[in-house]
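Colleague:
In our numbering, the protein residues as written are 1 to 367.
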């Protein structure tokens, strides 16, 4: 039997008829209940008057209301604890929180807005801004092509193509399209104190920086790459690839670069045997160049090449699976040319191509 089929007043009225002498068999047949149900009613409600029935009904309703209130307060407390870790300062972020509360906890719009302290008019507001679908599509294409480019570099590439948008707008669209990158490098918890830089290059060929990067082919055999970068222009002058690169290979690569654009005034290197040997020292003496070695355990002394090598590994080595050494040379050389011609760098590399070319006119031996 349904619990709400008979009210408390109806149950008391049936028991009153039994007290007045109506046979129980006739009474339960007329009401349509079983004898067991009749005696259960009698056990619970026998001897009650109409006033007591009304008071009992009011008490039951009050208890039910209090139970619902306690349940709502407990649910509100759980929801507030759930969203406590979310940054809900701006109304736009509160809209997402309200949608989250409605979808996960089944609350009404009115109650969710009251809990999050969001005006319903703001929640119902629909933006009238141009969604710019063509720009979003082009941004996705660039992000899928340049897998490790962040929104700043994507913004520079879009500006080069003629799109009119600011950096903040590029960041908003970049986040709405969910193109954010996740860096695997841990955040530094201590302040990084670097030494005062000895040389501040003021023009191309003032200082070069070079270092080695190791990788391996598909069959597990290892190979090395020698990267050489102009500190002022951020230009990758050469990336030498080989199974074993020694001091003579370093000197050979420097000779090819110097024949094209002249020798540098300074060279930043670490303390590896390929750089601290006699061959490089003789080359620097012959070309009147000064070698600046990093302090042991201080890779930040040669931060320019470390930054370049990080981008080189992230955007080239980690994205390709080389089967043969000649294939690695071709892909790495193509990436170097793209890095010099298209990849957004510092202020000098973000200039228009003609203006950037004018910066390099005075290079000795420039073609």
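Glycine included, C-beta positions come from ideal geometry on N, C-alpha and C.
Can you give me the C-alpha to C-alpha distance between residue 73 and residue 67, rounded to a whole angstrom?
Modeller: 10 Å
Colleague: Name the DSSP beta bridge partners of residue 11, please?
Modeller: None; residue 11 has no bridge partner.
Colleague: Whole alpha helix (DSSP H) runs in the stretch 276 to 302 with 4 or more residues, listed along the chain?
Modeller: The stretch 276 to 302 contains these whole alpha helix (DSSP H) runs: 278 to 286.
Colleague: Between residue 386 and the rest of its own chain, which residues show a CB-CB distance below 6 Å, the 5 nearest in sequence each way excluded?
Modeller: Not covered by the structure: residue 386. The range shown for the chain is 1 to 367.
Colleague: Per DSSP, which one or two residues make a beta bridge with residue 238?
Modeller: Beta-bridge pairing links residue 238 to 228.
Colleague: Start and end of the alpha helix (DSSP H) containing residue 211?
Modeller: First-last for residue 211: 207 to 216, but that is the beta strand (DSSP E), not the alpha helix (DSSP H).
Colleague: Given a threshold of 16 other Cβ atoms within 10 Å of its Cβ, counted over all protein chains shown, does residue 173 qualify as buried or as exposed?
Modeller: buried
Colleague: Under the assumption that residue 236 contacts residue 225 (Cβ atoms under 8 Å), give the Cβ distance between them as a whole number of angstroms.
Modeller: In fact, because the Cβ distance is near 11 Å, the residues do not count as touching under 8 Å.
Colleague: Taking residue 79 as the reference, which of 334, 63, 114, 305 has the closest Cα?
Modeller: Among 334, 63, 114, 305, the Cα nearest to that of residue 79 is on 114.
Colleague: Assuming residue 257 and residue 238 make a contact with CB atoms under 8 Å, what is their CB distance in whole Å?
Modeller: Confirmed, about 6 Å.
Colleague: Out of 69, 119, 111, which has the shortest C-alpha to C-alpha gap to residue 93?
Modeller: 119
Colleague: What three-state label does DSSP hand residue 42 in the structure shown?
Modeller: helix
Colleague: Distance, Cα to Cα, residue 292 vs residue 170?
Modeller: Annotation: residue 292 to residue 170 spans about 40 Å, alpha carbon to alpha carbon.
Colleague: Where do the N-terminal and C-terminal ends of the alpha helix (DSSP H) with residue 320 fall, by residue?
Modeller: Segment: none, residue 320 is in no alpha helix (DSSP H) and carries neither H nor E.
Colleague: Any idea what DSSP makes of residue 312, helix, strand or coil?
Modeller: Reduced to three states, the DSSP call for residue 312 is helix.
Colleague: Beta-carbon within less than 6 Å of residue 10's beta-carbon, same chain only, minus the 5 sequence neighbours each way: which residues are those?
Modeller: none
Colleague: Is the beta carbon of residue 294 sitting closer than 7 Å to the one on residue 270?
Modeller: yes
Colleague: State the beta-bridge partners of residue 267 as determined by DSSP.
Modeller: 208, 291
Colleague: Quick one: grab the DSSP three-state call for residue 203.
Modeller: If DSSP states are grouped into helix, strand and coil, residue 203 belongs with coil.
Colleague: Residue 229 and residue 305: beta carbons closer than 7 Å?
Modeller: yes
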